[in-house]
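The opening residue of the sequence shown carries number 0 in numbering that gives the first Met the number 0; numbering runs sequentially from there. So the structure is just underneath, and the comments pick up after that.
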Amino acid sequence: MKYLDFLILNAKRKILDLKNYNSVSTHKSNSVNLYSQFLNSGDLCFDVGANMGNRIDSFLKIGAKVVAVEPQPKCNEYLERKYPSIKIEKVGAAEATGKAMLNISSADVLSTFSTDWINTVQKTRFKEYTWSTQLEVPLTTLDLLIEKHGLPKFCKVDVEGFERR
Numbered sequence: 000m001k002y003l004d005f006l007i008l009n010a011k012r013k014i015l016d017l018k019n020y021n022s023v024s025t026h027k028s029n030s031v032n033l034y035s036q037f038l039n040s041g042d043l044c045f046d047v048g049a050n051m052g053n054r055i056d057s058f059l060k061i062g063a064k065v066v067a068v069e070p071q072p073k074c075n076e077y078l079e080r081k082y083p084s085i086k087i088e089k090v091g092a093a094e095a096t097g098k099a100m101l102n103i104s105s106a107d108v109l110s111t112f113s114t115d116w117i118n119t120v121q122k123t124r125f126k127e128y129t130w131s132t133q134l135e136v137p138l139t140t141l142d143l144l145i146e147k148h149g150l151p152k153f154c155k156v157d158v159e160g161f162e163r164r
């Protein structure tokens with residue numbers, strides 16, 4: 000993607016974000032209502048695939064203790080600045096420990112370990128995005144996260160096609 004195309008795409012996203020500002024506020028209060036069906040104050044919550052933490056605000060408003068699991072360094076830097084009270088695991092979650100190549104998307108929310116998922120969505124709903132950078136990252140398991148942090152009352156998983164790994 001050319002730099003100018005990238006700038007235009009980002010400008011279009013920002014315009015859409017501004018148009019949807021009121022609906023975003025509504026979404027946040029709706030997600031507090033949604034997640035409060037599963038979480039109470041003091042409950043432990045895992046946010047696997049936390050990205051920039053768009054669910055963390057809701058979890059914290061409920062009073063939950065949050066462990067964010069996120070392999071992208073850019074996202075982790077943001078999470079550390081915005082949410083100093085949460086624990087952050089800078090890893091991917093999988094069925095076994097080890098390392099894997101993370102495919103970084105031009106939209107960080109679409110980054111994934113799954114090349115099959117990329118091949119599918121790149122032909123349809125996400126054809127304007129690219130996955131041109133790869134980064135080797137460590138993997139852990141939910142079992143090891145539970146050993147380290149305790150059994151969560153709720154676990155949100157959003158890993159762009161890597162759920163079965």
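Built from N, CA and C at the ideal position, the CB exists for glycine as well.
Test item: CB-CB of residue i and residue j under 8 Å
i      : j      : result
Pro137 : Val90  : yes
Tyr77  : Ala106 : no
Val31  : Lys64  : no
Leu38  : Lys152 : yes
Phe45  : Leu144 : yes
Buried/exposed call for residue i, threshold 16 Cβ in 10 Å
i      : result
Glu79  : exposed
Val23  : Any reading at Val23 is ruled out, since the residue's pLDDT is 45, under 50, leaving its predicted position unreliable.
Tyr20  : Model confidence at Tyr20 stands at a pLDDT of 38, short of 50, so the residue's coordinates are unreliable; what they give is reported in the following sentence. Exposed, by the Cβ-count rule.
Ser110 : buried
Glu88  : buried
Ala49  : buried
Thr139 : buried
Gly52  : buried
Asn29  : exposed
Ser84  : exposed
Given residue i as reference, the closest of the options once Cα atoms are compared
i      : options               : result
Lys98  : Leu150, Glu135, Gly41 : Glu135
Cys74  : Ser30, Gly149, Val47  : Val47
Ser131 : Gly62, Gly41, Met100  : Met100
Assigned secondary structure, residue i (DSSP; H/G/I helix, E/B strand, else coil)
i      : result
Phe153 : strand
Phe199 : What the structure shows of the chain is the stretch from 0 to 164, and residue 199 is not part of that stretch, so it cannot be assessed.
Glu79  : helix
Phe127 : What sits at residue 127 in the sequence shown is Glu, not Phe. In this structure, Glu127 counts as coil in the three-state DSSP scheme.
Thr96  : coil
Leu138 : strand
Asn118 : helix
Leu109 : helix
Leu38  : coil
Ile87  : strand
| When the Cβ atoms of the region 63-71 are set against those of the region 116-127, are three or more pairs found closer than 8 Å? | no
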